[in-house]
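*Asks:*
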Amino acid sequence: MIRALTIVLWLVLVMGVAAGCGKEDSTLNTDSGDQEAGLKLKVVIPHFGGDPKGTLIQQEYEKEIESYLGDKVEFEWNRIPWAEYKEKTNVMLTSGDIPDIMLVLGNDAIQKYGEQGLFLELSQYMDTMPNYKEYVAATPNAEQYLYTPDQKMYAFYDGFNNPTDIEPSQYAAAYRLDIFNKHGIKIPETWDELYDAAKQLKALYPDSYPISQSEQYLGLSGFLNANHTSAGIYWNGEKYVYGPTEERFKEALMFVNRLYTDKLLDPAYWSDDIDQAKAKATNGKTFIFPQIWSGYVADFNANQQAGVQWTLALHADNPKYGKAWKIDSEPAGKGLRNGYGLIISAKAKNQEQLVKLLDYQYSNKMVDLLMWGIEGQTYEIKDGEKRFLPELRNSEDFKGELAKMCVSAAMTCRPGIVFTPQERLAVYTSIPDVLFYHDGQAQEENYWIASDKYGGKESIAPGDRAPKIVFTKDENDRIANTMTPINTYVSESTVKFIKGETSFADWDKFLSTLNKMGDYESILKMYNERANK
11 MIRALTIVLW
21 LVLVMGVAAG
31 CGKEDSTLNT
41 DSGDQEAGLK
51 LKVVIPHFGG
61 DPKGTLIQQE
71 YEKEIESYLG
81 DKVEFEWNRI
91 PWAEYKEKTN
101 VMLTSGDIPD
111 IMLVLGNDAI
121 QKYGEQGLFL
131 ELSQYMDTMP
141 NYKEYVAATP
151 NAEQYLYTPD
161 QKMYAFYDGF
171 NNPTDIEPSQ
181 YAAAYRLDIF
191 NKHGIKIPET
201 WDELYDAAKQ
211 LKALYPDSYP
221 ISQSEQYLGL
231 SGFLNANHTS
241 AGIYWNGEKY
251 VYGPTEERFK
261 EALMFVNRLY
271 TDKLLDPAYW
281 SDDIDQAKAK
291 ATNGKTFIFP
301 QIWSGYVADF
311 NANQQAGVQW
321 TLALHADNPK
331 YGKAWKIDSE
341 PAGKGLRNGY
351 GLIISAKAKN
361 QEQLVKLLDY
371 QYSNKMVDLL
381 MWGIEGQTYE
391 IKDGEKRFLP
401 ELRNSEDFKG
411 ELAKMCVSAA
421 MTCRPGIVFT
431 PQERLAVYTS
441 IPDVLFYHDG
451 QAQEENYWIA
461 SDKYGGKESI
471 APGDRAPKIV
481 FTKDENDRIA
491 NTMTPINTYV
501 SESTVKFIKG
511 ETSFADWDKF
521 LSTLNKMGDY
531 ESILKMYNER
541 ANK
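Adding 10 to a residue's 1-based position in the sequence shown gives its number in our numbering.
1) Going by beta carbon distance, what residues of the same chain come within less than 6 Å of ILE630, once the five residues before and after it are set aside?
2) Residues in the same chain with beta-carbon distance under 8 Å from PRO140, minus the five sequence neighbours each way, listed in chain order, please.
3) Using the C-alpha atoms, what's the distance from ASN542 back to TYR499?
4) Return the CA-CA distance between ALA207 and LYS196, expressed in angstroms with no decimal places.
5) Looking at the structure shown, is MET112 part of a helix, part of a strand, or coil, going by DSSP?
6) Rounded C-beta distance between LEU130 and GLN363? I'm assuming under 8 Å.
7) Could you tell me whether any non-hydrogen atom of the ligand ATP is closer than 6 Å to the CB of GLU385?
8) If GLU116 and GLY394 are in contact, beta carbons under 8 Å, what's the gap, nearest whole angstrom?
9) Which residue marks the beginning of the alpha helix (DSSP H) containing LEU367, and which one marks its end?
10) Is it buried or exposed, THR99, if we count other Cβ atoms within 10 angstroms and call 16 or more buried?
11) Could you check the C-alpha separation between GLY242 and ASN497 for me, to the nearest Å?
12) By a C-beta neighbour count over all protein chains shown, 10 Å radius and 16 as the cutoff for buried, is TYR530 buried or exposed?
13) Less than 7 Å between the beta carbons of PHE58 and TRP87, yes or no?
14) Please list the terminal residues of the continuous alpha helix (DSSP H) segment that includes GLU385.
15) Count the other CB atoms within 10 Å of the CB of ALA291; is the residue buried (16 or more) or exposed (fewer)?
16) Assign LEU521 to one of two classes, buried (16 or more other C-beta atoms within 10 Å of its C-beta) or exposed (fewer than that).
17) Are the beta-carbon atoms belonging to VAL114 and GLY426 less than 7 Å from one another?
18) With a threshold of 7 Å between beta carbons, is ALA213 in contact with chain B?
19) Distance, Cα to Cα, ILE302 vs LEU49?
20) Which two residues bound the contiguous beta strand (DSSP E) that contains GLY351?
21) Do three or more CB pairs link the region 258-268 to the region 220-238 at distances below 8 Å?
22) Taking the alpha carbon of ILE176 as the reference point, which residue from ALA312, LYS467, GLY305, ASN151 has its own alpha carbon closest?
23) Does PHE446 pass the burial test, meaning 16 or more other C-beta atoms within 10 Å, or should it be called exposed?
24) Considering only residues of the same chain and omitting the five flanking positions on each side of ALA308, which have a CB-CB separation below 7 Å?
25) By Cβ distance, which residues of its chain are closer than 8 Å to ILE90, with the 5 residues on each side in sequence left out?
26) Just checking my contact of SER222 with ASP282 at CB under 8 Å: how many whole Å lie between their CB atoms?
27) Leaving out the 5 sequence neighbours to the left and right, which residues in its chain are closer than 8 Å to LYS558 when beta-carbon positions are compared?
28) Please specify which runs of the beta strand (DSSP E), each continuous and at least 3 residues long, are wholly inside the region 81-139, giving them in chain order.
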């Protein structure tokens, strides 16, 4: 009897196990324990120098993700150096062999491969990703800017949140303050003052070229922004126009030509980059950068052997056009940029869980963790505002200390599946104060905040708040085919005008040639029609 009962119990147990195996479990096991991970995923993202592995914030990130999803997660990270990222990921995309999650560069690529079925279509999950949905809703013209023409979405786009009312820039002009003070020269606030200061410096230091370039991508932006124009197609506040056809563009070139002719502008302006700029900034060969990434000034001043003192300042104005525009001012509030995006492979398992994971990165809790770190260990809250701890801010290497823990505000170490949304106040306050000149004096300030405080709303370029528009691949091809030869001609002609190789008496001839090279007006029409949709 006992033996028979044992057999019956054994059969019941076997049947129960078999029944359990016969059911397909659509959810992840919620018992994380020490068991095998319920969610395994391969991730390809960029690497920015600092390794997140084992850092305080990366460990906390992975712990928080597991808690939120209710299961153990095993990440297989493939971090590719940023300089190699586009080339290597293009190979993956072309082959179709992609990981579960990866960062894709360029909205053209996102939409192209999304429409080919390589990426998971996300709009079907919109009601289950409340955090990302909030960013989508806050993005102007999102239906055109983030979706395909048939209203599909294939990426978690690059997010930002500026919880303040400031609209700052990380670019400014820079001046060798110790030299200006030594000779009683005023820090320039207008073009006339800029010219006069450079003229005095040239007389004092004849072997120098007072005005130089910091990085080639900045081009003539410091001069063009003073005249409220641009070297390409830009939004002027009412419509899209082509800057090189404007009289104000010509006037900017004439001013730069004057600097060049009087040997006040470095002949290497069109070839120097930051390595050459740093050398000239510390050896007495350069005293003025009309535009520069503001962080470089701290590097210049940190060179104890050189013993130099540089200050930032607003760009010099051309009073004819009012306050000079800032370069790349940032908007307040939340939003998305469509230049990058995290995609989920259409072949990935547990797709709904992956959607939840990426959506969670847009939550306030996770953004705070990734950008600020852990309260009490990296930041504190005073008067309702987050601030990095004084012991970090006052350390010899503030950003280095943040990077050791992989606080994303440091920028060199990025935890999580990047790009995660940036809380811009953390970025603004994660830098040491530098000298910033305004109204007759230079004092230690946060350069982000100073650019807004002193520049005001009138220094915001309309193009920085241009309508968010996108074009189809065919339209982009048409734009490139039309504008590439025109832009090349303009770029080459600009240098010739500045160097005096072409006379400004031939400006009309320049415009006539430009018009014959391609129908740029039809391209402007495309831009404006799209902006008015």
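Where a beta carbon is used, it is the ideal one built from N, C-alpha and C, also for glycine.
In this text the structure is predicted, and so the values were computed from the model without any measurement.
*Replies:* Let's see:
1) Residue 630 lies beyond the residue range present for the chain, which begins at 11 and ends at 543; the question has no answer from this structure.
2) ASP369
3) 30 Å
4) Between the C-alpha atoms of ALA207 and LYS196 there is a straight-line separation of about 7 Å.
5) strand
6) Contact flag wrong, Cβ pair sits at about 12 Å.
7) Because no ligand of any kind appears in the structure shown, any question about the ligand ATP cannot be addressed here.
8) Reading off the sequence shown, one finds Gly at residue 116, where the question assumed Glu. Wrong, their Cβ atoms sit about 39 Å apart, outside the cutoff.
9) 361-370 is the span of the alpha helix (DSSP H), which, as asked, contains LEU367.
10) buried
11) 7 Å
12) buried
13) no
14) Here GLU385 belongs to no alpha helix (DSSP H), and DSSP marks it neither H nor E.
15) buried
16) exposed
17) no
18) Annotation note: the requested chain B is absent from the structure, which comprises a single protein chain.
19) Straight-line spacing of the CA atoms in ILE302 and LEU49 works out to 46 Å.
20) Here the beta strand (DSSP E) through GLY351 covers 343-354.
21) yes
22) LYS467
23) buried
24) PRO442, VAL444
25) VAL54, ILE55, PRO56, HIS57, LYS98, THR99
26) The Cβ separation is near 6 Å, so the contact holds.
27) With the chain covering only 11 through 543, there is no way to say anything about residue 558.
28) 83-91, 111-115
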